[in-house]
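Following: one structure in structure tokens, then a few remarks.
Structural data, given as structure tokens:
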């Protein structure tokens, strides 16, 4: 099907058909098939990240108030590690993957040959505006694709920086950065792609999937949801609180896999709250809004959304706000109404609701009554309790006795299930996402056994039954 812009794109005067065609033409030349080209581009991307570290950290600071350590670990450092891992294993990933061949097809050999998909669209997210744009691009590069990168317009400084740097370091015949908002995204989605990779919310994910369906384009959707966190009363409470605070309030809670709410047994909630309060003060001081390590809310619209979540709920800690930054202090809410927006919508901010249950089985039922989350966490000293939670719930990922640390293992695929997304990436899984594993059987002219050819007989049928 040819690339044709949508009516909306035509009316807005935006059309990217020529951009996509230019990239398609580059892909057709076969240059991205070269393993050497892929490695050269990955090294160029690494050099871009290393040589522009100061500007990258400054952009992330301006967009989200990210402190240097957090930006290094979760954004730039994550990407550098991803590139190193990819370069280390790429020779192996591109090789044919052998499978057995049935006797009836002897002599011959069977394998899957990874090949690039072609030209792909990668739409990034604002909460980790560098990582969530370039990590999929690393996978797309490794697999040998051309790409259009669409940074989030909400993270203006990072978007502008990426748009300026990519042409300085990368092969511009095979990649382009398109900045902009809804109209630009709509025009991009009107084009025909070989794959669309989107990171963001469920509502826009449905729009992306609907647009992709017009061209039968495969999609990877990295969405989110309300990721639960079980805290068993039999746990190392000090370490639990420390790791929970780290995972929940990194990036001021604006993380798709941050714990969205905590489930504890009745009678344990106040002990848990006290431990979390103590750890919050230890990590961010008496006033987190004064801490240089604590981030901002992305913009005033999201700040107002989060502010509205605190209407008519029981705030037991925090709640302080600075609308000028804008920022909101780490906030604990006890037993919010299950019909309240804070329990109906993904929070994506520094508010942590605490839900009490009579026992962990009741907590499991609570989770299972809701949409499948992107991540699930459980803290307990008991392997039996942890295994029970793992086996009785469904989520994109699970991490026990910690938060978000599964992201550090490139051997683990990252992705959702159900409403939290489809498809996965990281490491080889990202390479496979942006590859077609082409089925190949190579046969010899030797031993051309005639019993499979007509005219057929009972003897031939008998022989066929033995070999099939």
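Residue numbers (this note's numbering): 370 to 837. All residues carry an ideal CB built from backbone N, CA and C; glycine is no exception. The structure presented is a predicted model; accordingly, all values stated were derived computationally and were not measured.
C-beta atoms of residue 623 and residue 775 nearer than 8 Å: no
For residue 823, report the span of its alpha helix (DSSP H) as first-last. Where residue 823 is concerned, there is no enclosing alpha helix (DSSP H), given that its DSSP letter is neither H nor E.
For residue 466, write down the residues that DSSP places opposite it in a beta bridge. 481
Quickly, what does DSSP pair residue 697 with across the bridge? List them, please. 690
Spatial neighbours of residue 506 within its chain, please: CB distance less than 7 Å, with the 5 preceding and 5 following residues excluded, ordered by chain position. 491, 516 and 518
Going by beta-carbon coordinates alone, are residue 429 and residue 502 separated by less than 8 Å? no
Smallest Cα separation from residue 636: which of 765, 523, 724 and 474? 724
Which runs of the alpha helix (DSSP H), 4 residues or longer, sit entirely within the stretch 556-621? 571-582 and 606-618
Mark residue 537 as exposed unless 16 or more other C-beta atoms lie within 10 angstroms of its C-beta, in which case mark it buried. exposed
According to the neighbour-count rule (16 or more other Cβ atoms, all chains shown, within 10 Å of its Cβ), is residue 371 buried or exposed? Legend: pLDDT at residue 371 = 43, less than 50; position of this residue unreliable, no value from coordinates given.
How far does the alpha helix (DSSP H) with residue 675 in it reach, from first residue to last? 669-678
Start-end ranges of the alpha helix (DSSP H) lying completely within the stretch 739-802, minimum 4 residues: 752-761 and 796-802
Span separating the alpha-carbon of residue 745 from that of residue 528: 31 Å
What separation, rounded to the nearest whole angstrom, lies between the Cα atoms of residue 386 and residue 578? 19 Å
Using the Cβ count rule (16 or more neighbours within 10 Å means buried), how would you classify residue 596? buried
Just to confirm, is the Cβ distance from residue 425 to residue 410 under 8 Å? no
Is the CB-CB distance between residue 522 and residue 548 below 8 Å? yes
Is the stretch 626-634 close to the stretch 649-658, with three or more CB pairs under 8 Å? no
Top-ranked residue by Cα proximity to residue 661, from 679, 677 and 694: 694
Which of the three DSSP states, helix, strand or coil, is assigned to residue 349? Outside the displayed span of the chain (370 to 837) sits residue 349, for which this structure offers no information.
Threshold first: 4 residues or longer. Then list the alpha helix (DSSP H) segments lying entirely within the stretch 401-425, N to C. 404-420
How many angstroms separate the CA atom of residue 833 from the CA atom of residue 800? 39 Å
Nearest-angstrom beta carbon gap, residue 508 and residue 803 [assumed within contact, 8 Å]: 5 Å
For residue 669, is the classification buried or exposed, using 16 other Cβ atoms within 10 angstroms of its Cβ as the cut-off for buried? exposed
Hey, would you say residue 513 sits closer than 8 Å to residue 401, going by beta carbons? yes
Can you give the beta carbon distance from residue 811 to residue 477, rounded, assuming they're within the 8 Å contact cut? 6 Å
Which residues share a DSSP beta bridge with residue 391? Residue 391 pairs with nothing; no bridge assigned.
Hey, residue 790 and residue 590 are a contact pair by Cβ (cut 8 Å); roughly how many whole angstroms apart? 5 Å
For residue 681, does the count of other Cβ atoms within 10 angstroms reach 16, so buried, or fall short, so exposed? exposed
Just reading off the alpha helix (DSSP H) that residue 647 is part of, what are its end residues? 638-653
Using beta carbons (cut-off 8 Å, strictly below), is residue 640 in contact with chain D? Here chain D cannot be found, since the structure has a single protein chain.
Evaluate the contact criterion for the stretch 427-442 versus the stretch 559-573: three or more CB pairs, one atom per stretch, below 8 Å. no
Taking the alpha carbon of residue 451 as the point to measure from, which residue in 644, 384 and 504 has its own alpha carbon closest? 504
Give the DSSP-derived three-state secondary structure of residue 733 in the structure shown. helix
Under three-state DSSP, which class holds residue 488? strand
Of all the options 417, 808, 819 and 485, which has the alpha carbon lying nearest to the alpha carbon of residue 397? 485
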